[in-house]
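S.K.: End of the sequence shown sits at 91 in the numbering used here; the numbers just go up one at a time, nothing left out. For every residue, glycine included, the Cβ atom is placed at its ideal position computed from N, Cα and C. Small disclaimer: the values here were computed from a predicted structure and weren't measured.
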Amino acid sequence: GHEFLEFEFRPDGKLRYANNSNYKNDTMIRKEAYVHQCVMEELKRIIQDSEIMQEDDSLWPQPDRVGRQELEIVIGDEHISFTTSKTG
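1. Among all the DSSP beta bridges, which residues are the ones paired with residue 88?
2. Could you spell out where the beta strand (DSSP E) holding residue 55 opens and where it closes?
3. Could you tell me which of 17, 72, 62 and 81 sits nearest to residue 35, measuring between CA atoms?
4. Closest to residue 56 by C-alpha separation, out of 37, 78, 73 and 45, would be which residue?
5. Does the structure place the stretch 45-60 close enough to the stretch 79-90 that three or more beta carbon pairs sit under 8 Å?
Next up, the structure:
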């Protein structure tokens, strides 16, 4: 099945969460909440300190029949998207 875990932090502080695990045939879980501006600032700091925006996934394993993992980050005008095979 198509399993995924998604977190979306909007500039206005809205957090959107979705989890489709198919665990015991569960339905998709969706939640929304607002987080404080200090949480948004800390999230941006963690991303900037990690230097993930300078990374390149060209040498990462390509997705295969086992699955794929994706990471997408948008901060202001910067956008980066990574795709690799399922790990773990």
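M.R.: Let's see:
1. Position 85 of the sequence shown, counting from 1, holds the residue named residue 88. Residue 88 is bridged to 71.
2. In the sequence shown, counting from the first residue as 1, residue 55 sits at position 52. Note, residue 55: premise wrong, no beta strand (DSSP E); not H, not E.
3. Locating residue 35 in the sequence shown gives position 32, where the first residue counts as 1. Closest by alpha carbon: 17.
4. Start at 1 with the first residue of the sequence shown, and residue 56 comes out as number 53. Ranking the options by Cα distance to residue 56, first place goes to 78.
5. yes
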